[in-house]
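2 protein chains.
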Amino acid sequence: MAPTPKSDLLQGTLDLLILKTLSLDALHGYAIAQRIAASSRALLQVPQGSLYPALHRLENKGWLAAEWDQTETGREAKFYTLTRKGRLQLELEVADWKRLSEGIGLILAGAEE
Amino acid sequence: MAPTPKSDLLQGTLDLLILKTLSLDALHGYAIAQRIAASSRALLQVPQGSLYPALHRLENKGWLAAEWDQTETGREAKFYTLTRKGRLQLELEVADWKRLSEGIGLILAGAEE
DNA sequence: ATCGATAGGTAGCATGGCTAGGCATGGCAC
DNA sequence: GTGCCATGCCTAGCCATGCTACCTATCGAT
């Protein structure tokens, strides 16, 4: 499949990815990772050991709410939804990302002054 | 000037910025920070407490070489140049950055599957 | 004389993702 | 029927990296 799956992403982007993904659908953790991989055409892959701690972190910050429910296949899973604070945070992180990627883009383009 | 100068950038991008900046010119540390700010139209700003340790780190990894010289204004300053290894590393980091920013772009665009 | 800009540096902290494990269940192939 | 893979959740401990907050020194302009 991908020539270099290359697991690690940059610090700080994981929250953004999770928040954005959950802004479209309430999902359980495992499905979040799948959705991120699918939506990014496998460019980004989130290892479980990064995902679950991140979900707990975001929940502690009040950006996500969790509840146990059943998946379509009848299994128990913890579903996460964005809170109002989470939506605000998502907007902030999107803005930060745009600033950063624009800045880096300028520099990589070799813009002088 | 910028509404939210917002100091901190994402972890992992600093090396890329330094390497790219030095790929165009040999510069001393202080000038690197200025160049990054100028090239990014002040979107990105590197605090000294991040910059100097990073330069030492990159030098230890063999990606930069340093030597003391004089600035145009006659001051002593430590000028850094990219090594061959540094150029290779730059290519890697540029590729990683593209993968990441493309991936995030897809997700923010709401691409499904 | 003093202040801002130029130029370099350090110590210590906090964050946050990774590796590497573990646990449990369900469905499918053999 | 049993063994394995996918699904689903989790934690401990490490380590890399950038940040804040300092310090030092020189130079030019006020």
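Chains as they are written, first to last, in our numbering: chain X, 1 to 113; chain S, 1001 to 1113. For glycine and all other residues, C-beta sits at the position ideal for the given N, C-alpha and C.
Under DSSP, Gln11(X) forms a beta bridge with Gln1011(S). Distance from the CA atom of Leu19(X) to the CA atom of Asp1015(S), rounded to whole angstroms, is 27 Å.
Of all C-beta pairs linking the region 98-110 of chain X to the region 45-64 of chain X, fewer than three are shorter than 8 Å, placing the two stretches out of contact.
Not flagged as an interface residue toward chain X: Trp1063(S), since no C-beta distance is shorter than 9 Å. Using a Cβ-Cβ cut-off of 9 Å, Gly103(X) counts as an interface residue toward chain S, since at least one Cβ of chain S sits closer than that to its own. A check of alpha carbon separations from Trp63(X) across Leu44(X), Gln48(X), Gly74(X), Arg84(X) identifies Arg84(X) as the nearest. Closest option to Leu92(X), judged by alpha-carbon separation, among Asp8(X), Leu9(X), Thr13(X): Thr13(X). Judged by pairs of C-beta atoms under 8 Å, the region 1070-1081 of chain S touches the region 1021-1035 of chain S, as three or more such pairs exist. Here Trp68(X) is bridged, per DSSP, to Lys78(X).
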